[in-house]
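Asks:
Protein chains: 2
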Amino acid sequence: MKYSQLFTRTSKTVPADADSVNAQLLTRGGFIHQEIAGVYTYLPLGLKVLRKIEQIIREEMEAVGGQEILMPAMTPKEVWQQTKRWDNFDALFRFKGMGEKEYALGATHEEIVTPLCRDYTFSYKDLPFAVFQIQNKFRNEPRAKSGLLRGREFGMKDLYSFHADEKGLDRYYEKVKKAYHRVFERVGFNPDLTYLTYASGGVFSPFSHEYQVVSEVGEDHIFTCEKCRVAVNREILKGNEKCPECGNKNLIEKRGIEIGNIFKLGTRFTDAFDFKYADEKGEKKPVIMGCYGIGPSRIMGTLVEVSHDEDGMIWPKSVTPFHVHLISLGTDKAVLDQTEKVYEELNKAGITVLFDDRDERAGVKFKDADLIGIPLRLVISGRTLEKKSAEWKERAEKKAKETPLKGLAEAAKAFYGEK
Amino acid sequence: MKYSQLFTRTSKTVPADADSVNAQLLTRGGFIHQEIAGVYTYLPLGLKVLRKIEQIIREEMEAVGGQEILMPAMTPKEVWQQTKRWDNFDALFRFKGMGEKEYALGATHEEIVTPLCRDYTFSYKDLPFAVFQIQNKFRNEPRAKSGLLRGREFGMKDLYSFHADEKGLDRYYEKVKKAYHRVFERVGFNPDLTYLTYASGGVFSPFSHEYQVVSEVGEDHIFTCEKCRVAVNREILKGNEKCPECGNKNLIEKRGIEIGNIFKLGTRFTDAFDFKYADEKGEKKPVIMGCYGIGPSRIMGTLVEVSHDEDGMIWPKSVTPFHVHLISLGTDKAVLDQTEKVYEELNKAGITVLFDDRDERAGVKFKDADLIGIPLRLVISGRTLEKKSAEWKERAEKKAKETPLKGLAEAAKAFYGEK
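Taken in order, these protein sequences are the chains called A and B.
Reading the first sequence from the start, the letters are residues 1 to 419 in the working numbering.
Reading the second sequence from the start, the letters are residues 420 to 838 in the working numbering.
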């Protein structure tokens, strides 16, 4: 895409109420636009990143047998009453329709997915199975903050699994644990800084699990065991700091950003909706349930928090809005023609390109490229053209090098790990 | 995908409150599940159809330069007050958050997109441009009905264009008209039954335009001019029935389902948000605006209304949930092994397959295949296996034929018009 066609602009000024690096950089770069505190529009660059994150999550959920569905945001009062959450789920946005009928905006979807799946499940032969969706959630947060980290409307992937017994849930839970690690590595988090973290549980299990990425700006306090590569959230420690897996007492305190969580729900919701199956003997038994969340928009915000420098964002290769940020310098026709040719060649090779074709000074173009944070910048100028080369600058590196124009598409593909 | 893995089931019974063929068949086939009147969950089969429809729309919107964004469903009261619609837009769902702050669920997004685009538009050089989103809308319909045709929460693609002058809007409007015809043809509507229809306009133009598909169950009355291939909605006729393009008075009355509409908004919204640009002389002028809607979920429901028979749905090739409905008959190991092999071969060739691997009678499997409506059914049984063939049955045809197992994937690809 040509930069001159993009309707958004970068901005030098930090929004007054942007209280976090991700809100500042994503807004300045033209990735998001705030509509209400904690409620954002995704602009073309931001939506490309979000969709790539969602697609990685989707692939990994399908790899563990998750079947994708899409539930509505509008949910009826009755289902929340049935689980006794209508009156005590503070974050529910409640509203009325015609005839004074009451609804809530989906803050989570156990109340919808449980009776839904009940309608299609009869005997043990129908179990286990898992469904997921990628959809917006709504929470009436007293104080939305930290850009995409804590929103009032935000993206969520929620997976729900249904089992005949606890053993089945336990097995599936372990599978999802591994799938989550794959998601976080694929979207670009450093596995050495990503911890499966023991957190407070529910009625069914002593613990739930969170995934925490180490970051100085993280809200959570975690204690890591470097032997087991797990952590414990401070909220469940009672002075007795030891690794729940190996008993190691030499835990290290860190700050973390939560990027996912998984729960064993047991029969908390299936009991409420009388969701039972017939076992081999025809006896009715309650279905056992698990739920597993990852927020794609929160992932996007967290990636910016852990991967930026003073000039802007540094996107991981897997979720970058474009593969190449292509720049032509000056108004020399030969340079413009050559850059146009490179643009076409890259596009033809399946390399997505943001081509800064504007009549702007080199400094302006370089500053914008650094802010937007595409991993690979290619510059063509009169000087490089003489040498039949382009300047090759990786966003994460300080120094640029020169690369022959011939074979540029192949080199860019190799940079992205493609043949 | 194997049918035995699919968590949904088909059903013989028609839902009590399903008042339309699309609601009945889509529910019975396991494509959608009603949560509230006019509010549905998309199940795996239904979501696949919806996503294909959305992708066709996306491609055609990008082909006319539309830049995809994603706006939130939560919108602040203030923007609706600014356009004087807070108090008189009956279909708005209004709700309150913390501190008694008021919001509306997006019933349309002019109130969000106009100030958003204003923030990035300064001079005539920034115009024209167009943005679109594919996102759910919410409308407090007094009576939701007709399945996916009139929902309270429903999918919408809304494109908005911004221009320096009326001529620019007129030119773009004509481009979008053509793009809409391409969308409707690609998703599977018969172009001979799809009419650009003159409908009531707004403040800016005497007419708006709808796209109507002829159907006996259509709510709208239209009068078609077969010379110009356009129609007029009854609502704008005042006894004087003639074609607005050629003056032809020989119009034919038909019933239609509206599947899209386009409006020239002029300065209705840009004035409200003081959205101006600087022209060549530096003078401030109001931006001229157009908007263009298509409901992907409504398209899905309409396709069922116009393409079904007494046994079930008949999906167009372009939006079918799977390419092939593969069936093995009997429990003979040789048949099961061969069908498994065909399943793998088709998958490898990029043909998506719903493989009915259940231990069910032929009659049950055939009935389900007819109900689900995948355009191509392939059956392998002891009888076909002897002849090294499969039964080839197209959903839209009455008769089956036999096709050699060898070259089956190529034949299926050719059926779908791929090399």
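Glycine included, C-beta positions come from ideal geometry on N, C-alpha and C.
#1: I need the boundaries of the beta strand (DSSP E) containing residue 452/B, first residue and last residue.
#2: Would you say the beta carbon of residue 327/A is closer than 8 Å to some non-hydrogen atom of the ligand ATP?
#3: With a threshold of 16 other CB atoms inside 10 Å of the CB of residue 562/B, please say whether the residue is buried or exposed.
#4: Taking Cβ positions only, does residue 780/B come closer than 9 Å to chain A?
#5: According to DSSP, is residue 65/A part of a helix, a strand, or is it coil?
#6: Please identify the residue among 28/A, 102/A, 50/A and 68/A whose C-alpha is closest to the C-alpha of residue 75/A.
#7: Using a Cβ-Cβ cutoff of less than 7 Å, which residues in the same chain neighbour residue 682/B once the five nearest sequence positions on both sides are dropped?
#8: Taking only beta-carbon atoms, is residue 770/B less than 9 Å away from chain A?
#9: May I ask you to list, following chain order, the residues of the stretch 17 to 33 of chain A that have a beta carbon less than 7 Å from some beta carbon of chain B?
#10: Step through the CB atoms of chain B and report whether any lies within less than 9 Å of the CB of residue 159/A.
#11: What three-state label does DSSP hand residue 101/A in the structure shown?
#12: Please list the partners that residue 73/A has in chain B, where partner means a Cβ-to-Cβ separation under 7 Å.
#13: Below 8 Å between beta carbons is the criterion; list the residues of the stretch 320 to 339 of chain A that meet it against any residue of chain B, in chain order.
#14: Suppose the cutoff is 7 Å on Cβ atoms and the five residues either side in sequence are ignored; what does the same chain contact list for residue 733/B look like?
#15: Quick check on the DSSP output: the alpha helix (DSSP H) that includes residue 170/A runs from which residue to which?
#16: Taking the alpha helix (DSSP H) that residue 499/B falls in, what are its first and last residues?
#17: Going by beta carbon distance, what residues of the same chain come within less than 6 Å of residue 619/B, once the five residues before and after it are set aside?
#18: How many angstroms separate the CA atom of residue 39/A from the CA atom of residue 353/A?
#19: Within the stretch 734 to 777 of chain B, note down every full beta strand (DSSP E) run reaching 3 residues or more, in order along the chain.
#20: When you compare the CB of residue 140/A with every CB in chain B, is at least one pair closer than 9 Å?
#21: Report the residues of the stretch 510 to 529 of chain B with a CB closer than 9 Å to any CB of chain A, ordered along the chain.
#22: Report yes if the C-beta distance between residue 278/A and residue 124/A is below 9 Å; otherwise report no.
#23: Which residues in chain B sit within 8 Å of residue 70/A, going by Cβ to Cβ distance?
#24: Who are the Cβ neighbours of residue 269/A in its own chain at under 7 Å, not counting the five residues just before and after it?
#25: In terms of residues, what are the limits of the alpha helix (DSSP H) holding residue 674/B?
#26: So which of 670/B, 751/B, 477/B and 673/B has the shortest CA-CA distance to residue 396/B?
#27: Rank 182/A, 112/A, 5/A and 174/A by C-alpha distance to the C-alpha of residue 78/A and give the top, closest one.
#28: Could you give the C-beta distance for residue 675/B and residue 637/B, rounded to a whole number, given that I count them as a contact under 8 Å?
#29: Going by the beta-carbon positions, is the gap between residue 329/A and residue 367/A smaller than 9 Å?
#30: What residue does the beta strand (DSSP E) around residue 615/B start on, and which one ends it?
#31: Going by DSSP, name the residue or residues bridged to residue 811/B.
#32: Just the chain A side, please: which residues come within less than 9 Å of residue 536/B by C-beta, in chain order?
#33: Tell me the start and end of each unbroken beta strand (DSSP E) in the stretch 502 to 571 of chain B that is at least 3 residues and wholly inside, in chain order.
#34: Name, going along the chain, the residues of the stretch 287 to 315 of chain A whose beta-carbon falls closer than 9 Å to a beta-carbon of chain B.
#35: So, for residue 364/B: in the same chain, excluding its five sequence neighbours on each side, which residues have a beta-carbon less than 7 Å away from its beta-carbon?
#36: Sort out for me which residues DSSP pairs residue 631/B with in a bridge.
Replies: Result, derived from the coordinates:
#1: 451 to 455
#2: This structure simply doesn't include the ligand ATP, nor any ligand for that matter.
#3: exposed
#4: no
#5: coil
#6: 102/A
#7: 621, 627, 709 and 710
#8: no
#9: 33
#10: no
#11: coil
#12: 492, 555 and 572
#13: none
#14: 726, 727, 792, 814 and 815
#15: 166 to 187
#16: 496 to 501
#17: 654 and 655
#18: 29 Å
#19: 743 to 747 and 772 to 775
#20: yes
#21: 512, 513, 514, 515, 516, 517, 518, 520, 522 and 524
#22: yes
#23: 460, 461, 466 and 469
#24: 83, 110, 114 and 289
#25: Note, residue 674/B: premise wrong, no alpha helix (DSSP H); beta strand (DSSP E) at 671 to 685.
#26: Residue 396/B lies beyond the range of chain B shown here (420 to 838); nothing can be said about it.
#27: 112/A
#28: 4 Å
#29: no
#30: 613 to 619
#31: 797/B and 820/B
#32: 7
#33: 513 to 515, 521 to 524 and 548 to 557
#34: none
#35: Here chain B comprises residues numbered 420 to 838, so residue 364/B is not present and cannot be evaluated.
#36: 614/B and 677/B
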